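Novice:
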Amino acid sequence: MSWGGAHSQQESPADVPGWLRPLVVATRDLDPQELARFSPPDESGRRSAVLILFGDGDDGPDVLLIQRAQDMRSHAGQPAFPGGAEDPEDHGPVGAALREAQEETGLEPSGVDVLHCLPDVWLPPSGFVVTPVLGWWRKPTPVSAMDPAEVSDVHRVPIAELTDPGNRVNVRHPSGYIGPGFTVHDMLVWGFTAHLLDRILALGGWERAWDPGRIVDIGWT
2 MSWGGAHSQQ ESPADVPGWL RPLVVATRDL DPQELARFSP PDESGRRSAV LILFGDGDDG
62 PDVLLIQRAQ DMRSHAGQPA FPGGAEDPED HGPVGAALRE AQEETGLEPS GVDVLHCLPD
122 VWLPPSGFVV TPVLGWWRKP TPVSAMDPAE VSDVHRVPIA ELTDPGNRVN VRHPSGYIGP
182 GFTVHDMLVW GFTAHLLDRI LALGGWERAW DPGRIVDIGW T
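Just so you know, the working numbering puts the end of the sequence shown at 222, numbered straight through with nothing missing.
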């Protein structure tokens, strides 16, 4: 099994910076209901993984996000965590998350410490079962959009911007969906990615009070 040299052991809180330790502790043995409304069904779904990668950036602690290309057939232009469907050679979600992150952003997996996997999340519209992989960017490397046909931009978004009440909204979709959103780096982060960010900020003890009455309406994408 090869994960590009990434450290795959579960790190103790002492192995990560102090600001990240509460999240590491809170997400170990996490009840799936604390992360998502939909748990995977008993039958197998389409397996995929995303990398939730935290680092110490120029503007403080941050998380890595990509923005999908505008002309993609699905999720066009939407911000997301790096990730995608598992391939057999990935040998599981950690391998898939690191491979996809490298392909999409050019990051060097050997600089990533994989902390642990969060509970699987089921996405009923697509049938995907997604495993969020929590990581610490121990040795960051330059990142950028590697394939313009899939990724238009790559962002290291400071946690301080995500927790700024002025950047928090609720998103209303014509389908009837209403959920958390973030307006950062000229992006509207919503849907699955925003839901995970919302839960992660709360679990890490970083969330600040914000006005849920701020609604942003979006169209079909």
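Glycine included, C-beta positions come from ideal geometry on N, C-alpha and C.
Treat the numbers as computed from the prediction; the structure is a model and nothing was measured.
If contacts are defined as beta-carbon pairs under 8 Å, then Val217 and Gly182 qualify, I think. What distance do you get, rounded to the angstrom?
Specialist: Val217 to Gly182, Cβ: 6 Å. Contact.
Novice: Give every residue of the same chain whose Cβ lies closer than 7 Å to the Cβ of Glu109, excluding the five residues on either side of it in the sequence, and list them in chain order.
Specialist: Closer than 7 Å at the Cβ level, and outside the excluded window around Glu109, lie Thr142.
Novice: Going by DSSP, what residue range makes up the alpha helix (DSSP H) through Arg100?
Specialist: Looking at the DSSP string, the run of the alpha helix (DSSP H) that includes Arg100 is 94 to 106.
Novice: Whose C-beta lies closer than 6 Å to the C-beta of Leu66 among residues of the same chain, with five residues either side of it excluded?
Specialist: Closer than 6 Å at Cβ, skipping near neighbours: Pro80, His156, Val158.
Novice: Please classify Thr184: does DSSP put it in a helix, a strand, or coil?
Specialist: Three-state DSSP puts Thr184 in a strand.
Novice: Going straight from the alpha carbon of Trp211 to that of Gly61, what length do you get?
Specialist: Their backbone Cα atoms lie some 21 Å apart in a straight line.
Novice: Near Asn168, what residues of its chain come up, given a Cβ to Cβ distance below 7 Å and the 5 sequence neighbours on each side ignored?
Specialist: Counting only Cβ-Cβ distances below 7 Å, and skipping sequence neighbours, we find Glu162, Phe183, Thr184, Val185.
Novice: Mind checking which residues open and close the alpha helix (DSSP H) that includes Asp114?
Specialist: No alpha helix (DSSP H) holds Asp114; the beta strand (DSSP E) holding it covers 113 to 118.
Novice: Strictly by DSSP, which residues pair up with Asn171?
Specialist: Pro181, Ile216, per the DSSP bridge assignment.
Novice: Under 6 Å Cβ to Cβ from Met73, same chain only, skipping five residues before and after it: list those, please.
Specialist: Caution applies to Met73, whose pLDDT of 49 falls short of 50 and renders its modelled position unreliable; the value that the coordinates give is listed next. Nothing meets the Cβ criterion.
Novice: Spatial neighbours of Thr194 within its chain, please: CB distance less than 7 Å, with the 5 preceding and 5 following residues excluded, ordered by chain position.
Specialist: Excluding residues within five positions, the ones whose Cβ falls inside 7 Å are Pro80, Ala81, Phe82.
Novice: Hey, is the region 27 to 40 in contact with the region 112 to 125, meaning 3+ C-beta pairs nearer than 8 Å?
Specialist: As far as the Cβ criterion goes, the region 27 to 40 touches the region 112 to 125, which means the pair count is three or higher.
Novice: Cα-Cα, which of Glu151, Ile160, Glu104 is closest to Asp59?
Specialist: The shortest Cα separation from Asp59 among Glu151, Ile160, Glu104 belongs to Ile160.
Novice: How should Ala203 be labelled, buried or exposed, when 16 other C-beta atoms within 10 angstroms of its C-beta is the threshold for buried?
Specialist: The residue is exposed, with fewer than 16 neighbouring Cβ atoms inside 10 Å.
Novice: Please classify Pro18 as buried or exposed, where buried requires at least 16 other C-beta atoms within 10 Å of its C-beta.
Specialist: So Pro18 ends up on the exposed side.
Novice: So, are the CB atoms of Thr164 and Trp191 less than 8 Å apart?
Specialist: Not a contact, by the Cβ cut-off of 8 Å.
Novice: So what's Ala203 in DSSP terms, helix, strand or just coil?
Specialist: DSSP places Ala203 in helix when its eight states are reduced to three.
Novice: Among residues of its own chain, excluding the 5 on either side of Pro166, which ones have a beta-carbon nearer than 8 Å to its beta-carbon?
Specialist: Answer for Pro166: Arg209, Ala210, Trp211, Asp212, listed in chain order.
Novice: When you compare only the Cα positions, how much space is there between Met277 and Ser111?
Specialist: Here the chain has residues from 2 to 222 only, and residue 277 is not among them.
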